[in-house]
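Asker: Sharing a structure below in structure tokens format, with a few things to ask.
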Amino acid sequence: MLTSTHTETPEVSTQPLPYQCRAAAYTLDEVRPIPLGSHDTASPRLALHWLRERTHHITDQLEPAYARPGLHWLTDEAEHERALTYLASGTEYQLTLHDDSTRYVLAIYPLGAAT
47 MLTSTHTETP
57 EVSTQPLPYQ
67 CRAAAYTLDE
77 VRPIPLGSHD
87 TASPRLALHW
97 LRERTHHITD
107 QLEPAYARPG
117 LHWLTDEAEH
127 ERALTYLASG
137 TEYQLTLHDD
147 STRYVLAIYP
157 LGAAT
């Protein structure tokens, strides 16, 4: 039987991950935003992946006319590359969608970026 002589627990980093991803809805009636999800991740590509997923979820629930800009963004590879460049340089990237009564703001904040 093997036994360990070390009683130490491995260190778990308490540092925040470098990319904070947030989605919120802003309605005309509400003073505060309605959180739609958040995720912290280690790379610009993973942050963009999260943004794509959340955009897909939101556009699935919008009427076709309002979903069109989000659907276009989902297939716009040049815009995705631009977002990656922004994020890698430490600049926030934000996508805003809307319908008649609500704005949907999806944003990625690199650690240290002004929010």
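So the sequence shown is numbered by this note's numbering: it starts at 47 and just counts up by one.
For every residue, glycine included, the Cβ atom is placed at its ideal position computed from N, Cα and C.
Can you give the Cα-Cα distance for Tyr150 and Ala71, rounded to whole angstroms?
Answerer: The residue you call residue 150 lines up with position 104 of the sequence shown. The residue you call residue 71 lines up with position 25 of the sequence shown. Distance between the alpha carbons of Tyr150 and Ala71: 4 Å.
Asker: For Arg100, which residues from the same chain have a beta carbon less than 8 Å from its beta carbon, with the 5 sequence-adjacent residues on both sides left out?
Answerer: Counting from 1 along the sequence shown, the entry for residue 100 is found at position 54. Within the same chain, Arg100 has close Cβ partners Cys67, Ala69, Leu82, Gly83, Leu152.
Asker: Report all residues from its chain with a CB closer than 8 Å to the CB of Leu120; omit the five preceding and five following residues, and keep chain order.
Answerer: As a first step, residue 120 must be located in the sequence shown, where it is residue number 74. Same-chain partners within the cutoff: Arg98, Thr101, His102, Thr105.
Asker: Are the Cβ atoms of Glu138 and Pro156 separated by less than 8 Å?
Answerer: One-based indexing of the sequence shown puts residue 138 at position 92. One-based indexing of the sequence shown puts residue 156 at position 110. It is a contact, given that the beta carbons lie within the stated cut-off.
Asker: Report, in whole angstroms, the separation of the C-beta atoms of Ala129 and Leu94, which I expect to be a contact under 8 Å.
Answerer: Your numbering for residue 129 matches position 83 in the sequence shown. Your numbering for residue 94 matches position 48 in the sequence shown. With a Cβ gap of about 6 Å, Ala129 and Leu94 count as contacting.
Asker: Taking the alpha carbon of Leu143 as the reference point, which residue from Ala124, Pro115, Asp122 has its own alpha carbon closest?
Answerer: Here residue 143 is taken as the residue at index 97 of the sequence shown, counted from 1. It is Pro115 whose Cα lies nearest to the Cα of Leu143.
Asker: DSSP three-state label for Ala111, please.
Answerer: Residue 111 sits at position 65 when you count from the first residue of the sequence shown. Ala111: helix per DSSP, three-state reduction.
Asker: Relative to the alpha-carbon of Arg78, which residue among Ile154, Thr148, His85 has its alpha-carbon at the smallest distance?
Answerer: Within the sequence shown, numbered from 1, the residue matching residue 78 stands at position 32. Of Ile154, Thr148, His85, the residue nearest in Cα terms is Thr148.
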